[in-house]
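So the structure is just underneath, and the comments pick up after that.
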Amino acid sequence: MEQSFYDQVFELVRLIPKGRVSSYGAIARSLGAGGSARMVGYAMSNAGLAHPKVPAHRVVNSSGLLTGRFHFSDPNDMERLLAEEGVRVKNDKVVDFKKLMWDPLQEL
DNA sequence: GGATTGACGTGTC
DNA sequence: AGACACGCCAATC
Numbered sequence: 505m506e507q508s509f510y511d512q513v514f515e516l517v518r519l520i521p522k523g524r525v526s527s528y529g530a531i532a533r534s535l536g537a538g539g540s541a542r543m544v545g546y547a548m549s550n551a552g553l554a555h556p557k558v559p560a561h562r563v564v565n566s567s568g569l570l571t572g573r574f575h576f577s578d579p580n581d582m583e584r585l586l587a588e589e590g591v592r593v594k595n596d597k598v599v600d601f602k603k604l605m606w607d608p609l610q611e612l
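Count along the first sequence from 1, add 504, and you get the number used in this note's numbering.
Laid out in structure tokens, this is it:
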């Protein structure tokens with residue numbers, strides 16, 4: 505079975521190290537999707553239904569804003585999980601996002 | 001199979 | 001600096 509774009513996104517998101525965050529666009533580019541950043545977020549909708557839990561809370565938009573927190577079981581979970589991993593969230597934004605930005609193309 | 005959608009990104013006003 | 005608009009691209013209806 506050919507894995508859909510979603511599956512590729514799931515795997516890549518799962519590779520995000522703890523205490524680190526990534527952006528939809530970066531993930532999309534890592535998959536060679538380029539401008540399909542929206543698909544990444546779209547895939548995340550299934551992330552909650554994915555078998556192994558996908559750390560979707562580590563994925564934010566290019567601004568480091570927790571855009572998808574409302575899609576979680578509980579919106580507070582997202583920033584809470586991030587805080588647990590050492591990621592400071594201020595006003596729904598990841599602090600020092602640029603420093604915590606984990607780009608597979610760069611890190612790998 | 002065309003139309004709609006969507007957890008984005010970048011540019012412009 | 002904040003708000004608005006358009007573009008991308010794949011999955012779903």
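Where a beta carbon is used, it is the ideal one built from N, C-alpha and C, also for glycine.
Values in this document were obtained by computation on a predicted structure and should not be read as measured data.
Round the Cβ separation of residue i and residue j to the nearest angstrom and send it over; I've been treating them as touching at under 8 Å.
| i | j | result |
| --- | --- | --- |
| F514 | V558 | 5 Å |
| M605 | S540 | M605 to S540, Cβ: 19 Å. No contact. |
| P579 | L516 | So it is not a contact: roughly 24 Å between Cβ atoms. |
| Y510 | N565 | About 18 Å separates the two Cβ atoms, so there is no contact after all. |
| G523 | E583 | Rounded, the Cβ-Cβ distance is 14 Å, inconsistent with contact. |
| M548 | A560 | 5 Å |
Exposed or buried, what is residue i when buried is set at 16 or more other beta-carbons lying within 10 Å of its beta-carbon?
| i | result |
| --- | --- |
| Q610 | exposed |
| F574 | exposed |
| Q512 | buried |
| G572 | buried |
| A613 | As shown, the chain starts at 505 and ends at 612. That puts residue 613 outside it, with no answer to give. |
Go to residue i, then tell me how far its alpha helix (DSSP H) extends in each direction, as first and last residue.
| i | result |
| --- | --- |
| A587 | P579 to E588 |
| A445 | The question about residue 445 has no answer, for the chain in this structure spans 505 to 612. |
| V591 | No alpha helix (DSSP H) holds V591; DSSP gives it neither H nor E. |
| F514 | F509 to R518 |
Any idea which residues DSSP pairs residue i with across the strands?
| i | result |
| --- | --- |
| V564 | S527 |
| V599 | Paired residues: none, contrary to the question. |
| M605 | V525 |
| L612 | Answer by DSSP bridge pairing: none, since L612 is not bridged. |
Rounding to the nearest angstrom, what Cα-Cα distance links residue i and residue j in this structure?
| i | j | result |
| --- | --- | --- |
| Y528 | Y546 | 10 Å |
| H555 | R518 | 12 Å |
| L535 | V599 | 26 Å |
| L585 | L569 | 15 Å |
| S508 | L612 | 22 Å |
| M543 | S567 | 17 Å |
| K594 | G538 | 29 Å |
| L553 | R592 | 27 Å |
| D581 | K603 | 22 Å |
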